[in-house]
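Student: Per UniProt numbering, the very first residue in the sequence shown carries number 1; after that it's consecutive. Please read through the structure below; I'll follow up with questions.
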Amino acid sequence: MVLVRRHDRDERGAAAVLVAVMGVLLLLMVGLVLDLGLARDTRGKSQNAADASALAAGNVLYDDAGSPDFGAAVAAAKAYAGQNFDVSPADWSACTDSGRLAHTPDASPCISFDSVSAPTKVRVRIPDRRVDTAFAGLAGIESFTIATAARVVLDRGGVLDCGLCVLGSGVEHDLQNGDATVHGGNIHFNGSVAVSNNGLVATDGNITVEGSASGGMANYSPDPRTGYPAIDDPLATLALPPDMTGLTGQTIAGNECPPGPGIYSGLNLRGKTCTLPPGLYVVAGGLWDLAGNTATQLNGTGVTIYLTCSSLAQPRQCAQGEQGATIDASGNATLAIKAPTSGPLAGLSIVYDRNNSQTLRLTGNGGAGFTGTIYGKSATLQMNGNGCASTFRAAIIVNDLTMAGNPSCLVARYVPSENWAPPPGELRLDH
Numbered sequence: 001m002v003l004v005r006r007h008d009r010d011e012r013g014a015a016a017v018l019v020a021v022m023g024v025l026l027l028l029m030v031g032l033v034l035d036l037g038l039a040r041d042t043r044g045k046s047q048n049a050a051d052a053s054a055l056a057a058g059n060v061l062y063d064d065a066g067s068p069d070f071g072a073a074v075a076a077a078k079a080y081a082g083q084n085f086d087v088s089p090a091d092w093s094a095c096t097d098s099g100r101l102a103h104t105p106d107a108s109p110c111i112s113f114d115s116v117s118a119p120t121k122v123r124v125r126i127p128d129r130r131v132d133t134a135f136a137g138l139a140g141i142e143s144f145t146i147a148t149a150a151r152v153v154l155d156r157g158g159v160l161d162c163g164l165c166v167l168g169s170g171v172e173h174d175l176q177n178g179d180a181t182v183h184g185g186n187i188h189f190n191g192s193v194a195v196s197n198n199g200l201v202a203t204d205g206n207i208t209v210e211g212s213a214s215g216g217m218a219n220y221s222p223d224p225r226t227g228y229p230a231i232d233d234p235l236a237t238l239a240l241p242p243d244m245t246g247l248t249g250q251t252i253a254g255n256e257c258p259p260g261p262g263i264y265s266g267l268n269l270r271g272k273t274c275t276l277p278p279g280l281y282v283v284a285g286g287l288w289d290l291a292g293n294t295a296t297q298l299n300g301t302g303v304t305i306y307l308t309c310s311s312l313a314q315p316r317q318c319a320q321g322e323q324g325a326t327i328d329a330s331g332n333a334t335l336a337i338k339a340p341t342s343g344p345l346a347g348l349s350i351v352y353d354r355n356n357s358q359t360l361r362l363t364g365n366g367g368a369g370f371t372g373t374i375y376g377k378s379a380t381l382q383m384n385g386n387g388c389a390s391t392f393r394a395a396i397i398v399n400d401l402t403m404a405g406n407p408s409c410l411v412a413r414y415v416p417s418e419n420w421a422p423p424p425g426e427l428r429l430d431h
């Protein structure tokens, strides 16, 4: 007979209990790991949905006219959340967000914006998602609640990088003794710039030059930053030619004033005082001549003049380097037109076909009452000298700037709200 001591039997029993307890604990740990893994996976999907939804909303936040479209943004956010995380309309109805932004255009506060008039931020909070546990319930954890949010920041656009942008690269822009002064914006020259002893390039912003800036530094205020990267066309996103639907060809006898929007050829307006009704004036080849020593004035509010090329008196896009229509408002002419304040041509007063290489001639005394962007990607702006008595309230984007006469001046004040507004730029996740 083999005798087993009671002490040995007690040890084996205790070991069995310990193994059983450890087995249960190990099972709980394995189950908890599995449950946590499922919760983490769900959280990742929820965060991806929040990111995608916020970006989608930001991408459609502004319409083609530059106005906020909250309906489109909310719809885009909900569509992406539904596609990426199966979020239903009922889920949005029950959603709450203590971190929401100032404006909630939808019934759900979980899609919010930082402003009613000019939003630059979008926040999307994905409705809570409950993840039931399979094993953690043994430890009293019945479920995990997943809550995620994302915020995007939108570069609103609306402000040009330069109030005077001279785009011609590989050339020297010789201002001679001219005075080019810009208030409220930067000055940039692709290529190089030169001024003579009595010349001046001045701004309350920065002066940047792709190449060199010759002439004494006293002729620049502030000192120019040379070797700066060339800039692209700031109005590259502007749709050209503009919509000419409804415009008809206009024939004018003598030197009568244009009667209203339409398609025109050259006009002799010397000595006239004309007020243009609001709308688009397409000049298809030819010259609008306002020059001379006799006082001439061209007025108009809500007016855009588009200068292009023509075939058989019909407007067409210019070929590269082709000279199309232009305006000569040198001498004693005053060009007092104001750009539209709404619509696709908002902020645009004088626009050249992108390939039109003509010269626009203005005077330093002729800008009284002028408001809106002057755009000529391939055109030259020549400021003819007869003083500096007026300010063009304009952003000016041209291929070349020349000064003729002494004194010759260009004084411009860039007010973003009165000029063409670039569309929103970079959209990035912020939070």
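Even for Gly, the Cβ is constructed at its ideal location relative to N, Cα and C.
Quick check on the DSSP output: the beta strand (DSSP E) that includes F113 runs from which residue to which?
Tutor: As a first step, residue 113 must be located in the sequence shown, where it is residue number 113. Here the beta strand (DSSP E) through F113 covers I111 to F113.
Student: Can the beta-carbon of T308 be found closer than 9 Å to that of R316?
Tutor: Along the sequence shown, read from residue 1 onward, the residue named residue 308 stands at position 308. Along the sequence shown, read from residue 1 onward, the residue named residue 316 stands at position 316. In this structure, R316 lies closer than 9 Å to T308 by Cβ.
Student: Among residues of its own chain, excluding the 5 on either side of F70, which ones have a beta-carbon nearer than 6 Å to its beta-carbon?
Tutor: One-based indexing of the sequence shown puts residue 70 at position 70. The answer, listed in chain order, is P105.
Student: Just to confirm before moving on: does the CB-CB distance between N190 and L167 stay below 9 Å?
Tutor: Position 190 of the sequence shown holds residue 190. Position 167 of the sequence shown holds residue 167. Yes; because the gap between Cβ atoms is below 9 Å, this pair is in contact.
Student: To the nearest angstrom, how far is it from the Cα of G216 to the Cα of T226?
Tutor: Stepping through the sequence shown from its first residue, residue 216 is reached at position 216. Stepping through the sequence shown from its first residue, residue 226 is reached at position 226. If you take the alpha carbons of G216 and T226, they lie about 14 Å apart.
Student: Is the separation between the beta-carbon of A325 and that of L287 shorter than 9 Å?
Tutor: Residue numbering aside, residue 325 sits at position 325 when the sequence shown is read from its first letter. Residue numbering aside, residue 287 sits at position 287 when the sequence shown is read from its first letter. Cβ distance < 9 Å, so A325 and L287 count as in contact.
Student: From A194 to V209, what distance separates their C-alpha atoms?
Tutor: Numbered from 1 along the sequence shown, position 194 holds the residue referred to as residue 194. Numbered from 1 along the sequence shown, position 209 holds the residue referred to as residue 209. In a straight line, the C-alpha of A194 is about 11 Å away from that of V209.
Student: Whole angstroms is fine: what's the gap from T145's alpha carbon to D41's?
Tutor: Here residue 145 corresponds to residue number 145 of the sequence shown, with the count starting at 1. Here residue 41 corresponds to residue number 41 of the sequence shown, with the count starting at 1. T145 and D41: Cα-Cα distance of roughly 13 Å.
Student: Is the beta carbon of P242 closer than 9 Å to that of P261?
Tutor: By one-based count along the sequence shown, residue 261 stands at place 261. By one-based count along the sequence shown, residue 242 stands at place 242. Cβ atoms of P261 and P242: not closer than 9 Å.
Student: Could you check what DSSP says for Y80 in three-state terms: helix, strand or coil?
Tutor: Mapped onto the sequence shown, residue 80 falls at position 80. If DSSP states are grouped into helix, strand and coil, Y80 belongs with the helices.
Student: Using only the alpha-carbon positions, how far apart do D233 and G376 sit?
Tutor: As a working note, residue 233 is residue 233 in the sequence shown. As a working note, residue 376 is residue 376 in the sequence shown. One C-alpha to the other measures close to 10 Å.
Student: Indicate the three-state DSSP secondary structure (helix, strand or coil) for F370 in the structure shown.
Tutor: The residue given as residue 370 occupies position 370 in the sequence shown. Three-state result, F370: coil.
Student: Pull up the distance between the alpha-carbon of N384 and that of F392, whole angstroms please.
Tutor: What you label residue 384 is simply residue 384 of the sequence shown in a count that begins at 1. What you label residue 392 is simply residue 392 of the sequence shown in a count that begins at 1. Approximately 14 Å, taken between the alpha carbons.
Student: Just grab the DSSP bridge partners of H103 for me.
Tutor: As a working note, residue 103 is residue 103 in the sequence shown. H103 pairs with F113.
Student: Using 8 Å as the threshold, is the segment 359-378 in touch with the segment 265-272, meaning 3 or more CB pairs across them?
Tutor: As far as the Cβ criterion goes, the segment 359-378 does not touch the segment 265-272, which means the pair count is below three.
Student: Leaving out five residues on either side along the sequence, give the residues of the same chain with a beta carbon under 6 Å from the beta carbon of A389.
Tutor: To locate residue 389, count along the sequence shown from 1; it is residue 389. Only N365 meet the Cβ criterion.
Student: Only counting runs of 3 or more residues, tell me where the beta strand (DSSP E) segments fall wholly within the segment 197-236, in order along the chain.
Tutor: Qualifying beta strand (DSSP E) stretches, in chain order: 200-203 and 207-209.
Student: Under the assumption that P258 contacts Y281 (Cβ atoms under 8 Å), give the Cβ distance between them as a whole number of angstroms.
Tutor: Numbered from 1 along the sequence shown, position 258 holds the residue referred to as residue 258. Numbered from 1 along the sequence shown, position 281 holds the residue referred to as residue 281. At roughly 6 Å, the Cβ-Cβ gap stays under 8 Å, so P258 and Y281 are in contact.
Student: Is there contact here, the segment 398-417 with the segment 158-172, by at least three beta-carbon pairs under 8 Å?
Tutor: Yes, since at least three Cβ pairs between the segment 398-417 and the segment 158-172 fall closer than 8 Å, the two stretches touch.
Student: To the nearest angstrom, how far is it from the Cα of N177 to the Cα of H183?
Tutor: Translated into the one-based positions of the sequence shown, residue 177 becomes position 177. Translated into the one-based positions of the sequence shown, residue 183 becomes position 183. Distance between the alpha carbons of N177 and H183 is about 20 Å.
Student: Where does Q320 land, buried or exposed, given buried means 16+ other C-beta within 10 angstroms?
Tutor: One-based indexing of the sequence shown puts residue 320 at position 320. Per the 10 Å Cβ criterion, exposed.
Student: For G300, is the classification buried or exposed, using 16 other Cβ atoms within 10 angstroms of its Cβ as the cut-off for buried?
Tutor: Taking the sequence shown and counting its residues from 1, the one referred to as residue 300 is at position 300. Buried is the call here.
Student: In the structure shown, what three-state DSSP assignment does L267 receive?
Tutor: As a first step, residue 267 must be located in the sequence shown, where it is residue number 267. Residue state, collapsed to three classes: strand.
Student: Which first and last residues belong to the beta strand (DSSP E) in which A412 is found?
Tutor: If you number the sequence shown from 1, residue 412 lands on position 412. From DSSP, the beta strand (DSSP E) with A412 extends over C409 to R413.
Student: Roughly how many angstroms separate the alpha carbons of N356 and Y220, rounded to a whole number?
Tutor: To locate residue 356, count along the sequence shown from 1; it is residue 356. To locate residue 220, count along the sequence shown from 1; it is residue 220. When rounded, the distance between both Cα atoms is 30 Å.
Student: Does the Cβ-Cβ distance between G302 and K338 come in under 9 Å?
Tutor: Walking along the sequence shown from the start, residue 302 turns up at place 302. Walking along the sequence shown from the start, residue 338 turns up at place 338. Going by C-beta atoms, G302 is nearer than 9 Å to K338.
Student: With distance defined between alpha-carbon atoms, name the residue in I111, L200, D289 and C165 nearest to D400.
Tutor: Here residue 400 is taken as the residue at index 400 of the sequence shown, counted from 1. Cα-wise, what sits closest to D400 is C165.
Student: Take E172 and list the residues in its own chain whose beta-carbon comes closer than 6 Å to its own, dropping the five residues that flank it on each side.
Tutor: As a working mapping, residue 172 is identified with position 172 in the sequence shown. Result list for E172: S192 and A194, in chain order.
Student: Rounded to whole angstroms, what's the CA-CA distance from S112 to D204? Just pull it up for me.
Tutor: Stepping through the sequence shown from its first residue, residue 112 is reached at position 112. Stepping through the sequence shown from its first residue, residue 204 is reached at position 204. The alpha-carbon atoms of S112 and D204 are separated by roughly 37 Å.
Student: Which of helix, strand or coil does DSSP assign to N399?
Tutor: As a working note, residue 399 is residue 399 in the sequence shown. Reduced to three states, the DSSP call for N399 is strand.
Student: Within 10 Å of its beta-carbon, does V122 have 16 or more other beta-carbons around it, so buried, or fewer, so exposed?
Tutor: Residue numbering aside, residue 122 sits at position 122 when the sequence shown is read from its first letter. It counts as buried.
Student: Applying the 10 Å Cβ sphere with the 16-neighbour rule, what's the burial state of S342?
Tutor: On the sequence shown, position 342 is the one that residue 342 refers to. The residue in question, S342, is exposed, as its Cβ has fewer than 16 Cβ neighbours within 10 Å.
Student: Taking just the CA atoms, how far does A313 sit from Y264?
Tutor: The count along the sequence shown starts at 1 and reaches residue 264 at position 264. The count along the sequence shown starts at 1 and reaches residue 313 at position 313. Roughly 8 Å separates the two Cα atoms.
Student: In three-state DSSP terms, what is Q382?
Tutor: For this step, residue 382 is matched to residue 382 along the sequence shown. Strand, per DSSP.
Student: Runs of 4 residues minimum, wholly inside the segment 159-185: which ones carry the alpha helix (DSSP H) assignment?
Tutor: List check, alpha helix (DSSP H) in window: nothing returned.
Student: Tell me whether R130 sits in a helix, a strand or coil according to DSSP, three-state version.
Tutor: Here residue 130 refers to the residue found at position 130 of the sequence shown. In the structure shown, R130 sits in a strand (DSSP, three-state: E or B).
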